[in-house]
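Okay, so here's the structure we're looking at.
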Amino acid sequence: MVLRAVRAAEGLTEQRQWLSRLLQAQPLASRASRATSRATSCLRPTRSLIAVVLSLLAVSRGDFLCFVQGAQRQVWPWQSPGTWHKQNRLPDNLRGSGASRRTVRAWSGGDQERLQVRMPDALIEIQEALAQEAAARYQRLELQLPEVFSDRPVGATFLGPSPALATAAAAKEQPPILLLHGFDSSALEFRRLLPELEDRGVAVHFLDLLGWGFGDTEGVLDFSPAAKRAHLYAFWQQHLGSRPMVLGGASLGGGIAIDFAAAHPEAVERLVLIDAQGFIDGAPSLGPLGGLGIKLLGSWPLRSIANQMAYYDKALATDDAIRIGRLHVETEGWEAASLNYLNSGGYTLSPLVSRVRVPTLLLWGEKDEILDGTEVVPRFLEELQGPVRLEWIPESGHVPHLEQPQRTAELIKDFLQSSS
1 MVLRAVRAAE GLTEQRQWLS RLLQAQPLAS RASRATSRAT SCLRPTRSLI AVVLSLLAVS
61 RGDFLCFVQG AQRQVWPWQS PGTWHKQNRL PDNLRGSGAS RRTVRAWSGG DQERLQVRMP
121 DALIEIQEAL AQEAAARYQR LELQLPEVFS DRPVGATFLG PSPALATAAA AKEQPPILLL
181 HGFDSSALEF RRLLPELEDR GVAVHFLDLL GWGFGDTEGV LDFSPAAKRA HLYAFWQQHL
241 GSRPMVLGGA SLGGGIAIDF AAAHPEAVER LVLIDAQGFI DGAPSLGPLG GLGIKLLGSW
301 PLRSIANQMA YYDKALATDD AIRIGRLHVE TEGWEAASLN YLNSGGYTLS PLVSRVRVPT
361 LLLWGEKDEI LDGTEVVPRF LEELQGPVRL EWIPESGHVP HLEQPQRTAE LIKDFLQSSS
């Protein structure tokens, strides 16, 4: 995987060649600031680990935090963070007082209590209407986790179905549907899929995984795969009523769905895997330079390159997509939570795929540059033990839920109807 990521960086544009030199810790004085060069030389002992983590980041999403602004302006002619368009402002009910975080009243409808979700102030800079609409619908609830993972209730954030769809699904006794985002992302990743599914009458939840998204990190002692699994189990048990569900996810989110289905087969009756990670095991321990490594991996240049790799239609790999994907990075505790997860060793998924025995919808973008379907899909078809429906999505890269949301939603709906 590391070699694939490095070769992809070396074989494409000048931007990706810069990434290759960065990973090899070669001098950048002619291309960037002295500060960036010093940071790069400091990372020389851990460059292979950074390459591994970058691969994981690319596998899941291509949206990263703007960190090295000085180098950014010397290498690429990107907009600086101070030049965002101002015409698309948040509505008054989403605007805060100018504090570092904005409080958004979660959209819940009906007579339900409207819980508060604290969002980073940078939400106001995002232009995509669907992202703003999804942010306005965020909900929050407190989950009880085992004491080994948290010493207090943990606020979980998610996007839920509209009240009308939730009521209709309950009346028909339909199973809950829960989809999971990829590595270091949030439920905003599904901002384009949500309305398409709802237009087709599908009631769905999108959960922020523990340590990512906009949920609590205070009081959480562990962000390892075991902790994320316990957090997901608590959401299923305490919010979804312990009913067998349709579980799915994109990229690493698909891998996490596999992990959960193997650990709790009683909780999962069907799977939906979207360009899923299933055969990449482990995450590197970053050691004493981990904090610096996390900052580097949150830099705008690396996130922009991975963003380009994620899409087949490069016109969709916009600066606004990066802002949306990095919004959660500004939440308090993100760095510590990410470092804790990486140092935990990450997920070991390869032995678990063959333990999945439920019907599975396997969706794959035909033009995925990150996880080559011609290599990965045959292995899924061989090892998944339940019936598998494979659907290739044309004109799509690694993120069909963002690039082809209508087709993705239609395939999910058909799968749910055919297997009900």
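Position 35, counted from 1, in the sequence shown is what UniProt numbering calls 35; the numbers after and before it change by one each time, with no gaps.
Glycine included, every Cβ here is placed at the ideal spot set by N, Cα and C.
What number of angstroms, rounded off, separates the C-alpha of ASP216 from the C-alpha of ALA261?
Those two C-alpha atoms are separated by around 24 Å.
Reduced DSSP secondary structure (H/G/I, E/B, other) of VAL204:
Coil.
When DSSP builds the beta bridges, which residues end up paired with PHE214?
None; PHE214 has no bridge partner.
Once DSSP output is grouped into helix, strand and coil, what is the label at TRP254?
Just to set this straight, residue 254 is Gly in the shown sequence, not Trp. In the structure shown, GLY254 sits in a helix (DSSP, three-state: H, G or I).
VAL272 lies in the beta strand (DSSP E); which residues open and close that run?
268 to 274
Using the Cβ count rule (16 or more neighbours within 10 Å means buried), how would you classify GLN129?
Note on identity: in this sequence residue 129 is Ala, with Gln being the wrong assignment. So ALA129 ends up on the exposed side.
Three-state secondary structure (DSSP) at SER150?
Of the three classes helix, strand and coil, the one that applies to SER150 here is strand, per DSSP.
Going by beta-carbon coordinates alone, are PRO195 and ILE274 separated by less than 8 Å?
Contact: no.
Below 8 Å CB to CB, which residues in the same chain sit around GLU395 once its five sequence neighbours on both sides are set aside?
TYR312, ASP313, GLU366, LYS367, GLU403, GLN404
Using beta-carbon positions only, say whether GLU383 and SER354 come within less than 8 Å of one another.
yes
With DSSP collapsed to three states, give me the class of LEU402.
helix
To which residues of the same chain is PRO175 closer than 7 Å at the C-beta, ignoring the five residues directly before and after it?
Here the set comprises ARG243, PRO244, MET245, VAL246, GLU269.
Going straight from the alpha carbon of SER186 to that of LEU207, what length do you get?
So the alpha carbons of these two residues sit roughly 8 Å apart.
Under a three-way DSSP split, which group does LEU297 fall into?
helix
Under the three-state DSSP convention, the category TYR347 falls into
coil
Which of the three DSSP states, helix, strand or coil, is assigned to ARG243?
Note: ARG243 maps to coil in three-state DSSP.
GLN116: first and last residue of the uninterrupted beta strand (DSSP E) it sits in:
116 to 120
Could you compute how far the alpha carbon of SER338 sits from the alpha carbon of GLY211?
7 Å
Beta-carbon within less than 7 Å of residue 435's beta-carbon, same chain only, minus the 5 sequence neighbours each way: which residues are those?
The chain is shown from 1 up to 420; residue 435 falls before or after that span and cannot be answered.
State buried or exposed for ARG379, treating a residue as buried only when at least 16 other CB atoms are found within 10 Å of its CB.
exposed
Can you say whether ARG229 is buried or exposed, counting buried as having 16 or more other CB atoms within 10 angstroms of its CB?
Its Cβ being crowded by 16 or more others within 10 Å, ARG229 is buried.
Whole-number beta carbon distance between LEU371 and ILE412, since they are thought to touch under 8 Å:
Not confirmed; about 19 Å, so no contact.
Using the DSSP secondary-structure output, state which residues sit across from GLU142 in a beta bridge.
GLY155
CB GLY282 to CB GLY346, shorter than 8 Å?
yes
With distances taken from CA atoms, which of VAL204, LEU145, ILE280 is nearest SER162?
VAL204
Assuming the contact rule is C-beta atoms closer than 8 Å, GLU335 and GLY291 should be a hit. Round their C-beta distance to whole Å, please.
Your pair GLU335 and GLY291 checks out as a contact, with CB atoms roughly 7 Å apart and the cut at 8 Å.
For SER344, collect the residues of the same chain with a Cβ closer than 6 Å to its Cβ; drop the 5 residues on either side in sequence, then sort them by chain order.
If we look at SER344 and ignore the five residues flanking it on each side, its Cβ neighbours are SER224.
Distance CB(VAL220)-CB(SER150) smaller than 8 Å:
yes
Under a three-way DSSP split, which group does LEU371 fall into?
coil
Flag this pair as yes or no: are the beta carbons of residue 447 and GLY397 separated by less than 8 Å?
Given a span of 1 to 420 for the chain in the structure shown, any question on residue 447 remains unanswerable.
Put THR167 into one of helix, strand or coil per three-state DSSP.
helix
CB-CB under 6 Å to LYS191, same chain, minus the five flanking residues each way: which ones, in chain order?
Here residue 191 turns out to be Arg, not Lys, going by the sequence shown. Answer for ARG191: LEU130, ALA131, ALA134, listed in chain order.
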